[in-house]
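Residue numbers (our numbering): 936 to 1331.
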């Protein structure tokens, strides 16, 4: 997100205040731990508790954290899911996973390819141009629209601008906070924008890519991608606490999302500034327990996808800043050398999440924070310190 975002929000906030919210106030603390919790027996129990306490005191409103390693599974939480209603943030709190949604969508693509007899979509489709699926009036207005492939959308090598970087997009969200954005409406924000690079030359992360992936899925199958996500991923893994906004009704235990809206060190509830959820790049709400199920099946035990699918998913292309991109997945924490993490980060206006497995150490870390740490605010650096300290401790 851009620094100008704060200015846009300030100008338009009164519009939001007069609009019926999509996310209601948090009324309950969510589900209980679905196993016998032995976190207090973990050798790093005191250290993990200390990290949560430290960064709650530094201003992060609510945090839930799960660490899975060879000593077992540690879970903990601190702070508030809803500050006004004094609802605690607990390990079972459902919160926004943001761009972890992309890992779900990437997984869906491979499940559809594995079921090619019913979907007509095989691995060869990764090299197929999106123009073979999408109508000319759309692709003709997209940078590189006639040449990019489905695979390049999945590993961010398209050169298509990111709609999230457009100020006009945020103004539209603020003026229509309850709008259920359609994919083509989102694409309008980057129509006729120049390409960032020639497809395949490099990689630059773009949320637009995942919008196109969902459009390809629907064009190929004739079904809504949200229904397919439920059929092929959510239901088979029994992710009972995972929801895809706005396609699913969110429970009353969802954490509120916060941000320093006026850049004055005072956080504001921005839960209902919905940034186009439900179009592939965001919209998943979940909790620690469901994301561990997902990570365990996909990344740890590698039982959810066939080996051929995993080999492709984990084929990394060009580096963008501090990440390599596979097919729907990120390879991050490269500063750890051989102990890098695979999974996905989630960043949205009022929410932050991580789901990463560190194969070199056999460690999984998953967390939710109900504060937007990607845009500029006093808590941005504090979050970075939290993340760095957590990774160092969990990999020791």
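Where a beta carbon is used, it is the ideal one built from N, C-alpha and C, also for glycine.
{"query": "Bridge partner(s) assigned by DSSP for residue 1333", "result": "A question about residue 1333 goes unanswered here, because the residues of the chain that appear run from 936 up to 1331."}
{"query": "Close-in-space but distant-in-sequence residues of the same chain around residue 949 (CB under 7 Å, 5 per side omitted)", "result": "Low local confidence applies: a pLDDT of 41 at residue 949 is under 50, so the model's placement there is unreliable, and no value is given."}
{"query": "Segment limits, beta strand (DSSP E) that includes residue 1266", "result": "1265 to 1267"}
{"query": "Nearest residue (CA-CA) to residue 989, options 1057, 1331, 1329 and 1318", "result": "1318"}
{"query": "6 Å Cβ shell around residue 947 - same chain, five flanking residues per side excluded", "result": "Because the pLDDT at residue 947 is just 43, under 50, the model does not fix this residue reliably, and the value given afterwards should be weighed accordingly. 1109."}
{"query": "Every unbroken alpha helix (DSSP H) within the region 1147 to 1174, with a cutoff of 4 residues, ordered by chain", "result": "1160 to 1164"}
{"query": "At least 3 beta-carbon pairs within less than 8 Å: the region 1243 to 1250 vs the region 1065 to 1079", "result": "no"}
{"query": "Coarse secondary structure for residue 990, derived from DSSP in three states", "result": "helix"}
{"query": "Distance, residue 1298 Cα to residue 1330 Cα", "result": "7 Å"}
{"query": "Any 3 or more C-beta pairs closer than 8 Å across the region 960 to 972 and the region 1273 to 1282", "result": "no"}
{"query": "CB contact flag (residue 1172, residue 1043, <9 Å)", "result": "no"}
{"query": "Beta-carbon gap between residue 1096 and residue 1131 smaller than 9 Å", "result": "yes"}
{"query": "Cβ separation of residue 1181 and residue 1213, assumed to be a contact under 8 Å, to the nearest whole Å", "result": "5 Å"}
{"query": "For residue 1036 and residue 1216, believed in contact at Cβ under 8 Å, the rounded distance", "result": "6 Å"}
{"query": "Which listed residue (1223, 1315, 1310 and 1238) has its alpha carbon closest to that of residue 1291", "result": "1223"}
{"query": "Exposure of residue 1015, with buried meaning 16 or more beta-carbon neighbours within 10 Å", "result": "buried"}
{"query": "Whole alpha helix (DSSP H) elements within the region 1114 to 1140, 4-residue minimum", "result": "1118 to 1122"}
{"query": "Residue 1020, buried or exposed, once every other Cβ within 10 Å from all chains shown has been counted against 16", "result": "exposed"}
{"query": "Whole-angstrom C-beta distance between residue 996 and residue 1010, which should lie under 8 Å", "result": "Contact flag wrong, Cβ pair sits at about 19 Å."}
{"query": "Proximity below 9 Å, CB of residue 1287 to CB of residue 1268", "result": "no"}
{"query": "Cα-Cα separation between residue 1106 and residue 1202, rounded to whole angstroms", "result": "20 Å"}
{"query": "Boundaries of the alpha helix (DSSP H) in which residue 1046 is found, first to last residue", "result": "1036 to 1049"}
{"query": "Unbroken alpha helix (DSSP H) run spanning residue 1314, endpoints", "result": "1313 to 1330"}
{"query": "Cross-strand partners of residue 1300 (DSSP beta bridge)", "result": "1002 and 1291"}
{"query": "Proximity to residue 1050 [Cα-Cα], best of 1240, 1263, 1265 and 1007", "result": "1240"}
{"query": "For residue 1192, the residue or residues it bridges with in DSSP", "result": "Paired residues: none, contrary to the question."}
{"query": "Cα-Cα separation, residue 1190 to residue 960", "result": "8 Å"}
{"query": "Terminal residues of the beta strand (DSSP E) in which residue 1017 lies", "result": "1007 to 1017"}
{"query": "Integer-rounded CB distance, given that residue 1263 should sit under 8 Å from residue 1038", "result": "6 Å"}
{"query": "Inter-residue Cα distance where the pair is residue 1046 and residue 1282", "result": "25 Å"}
{"query": "Distance CB(residue 963)-CB(residue 999) smaller than 9 Å", "result": "no"}
{"query": "Nearest-angstrom beta carbon gap, residue 1003 and residue 1325 [assumed within contact, 8 Å]", "result": "With a Cβ gap of about 13 Å, residue 1325 and residue 1003 do not count as contacting."}
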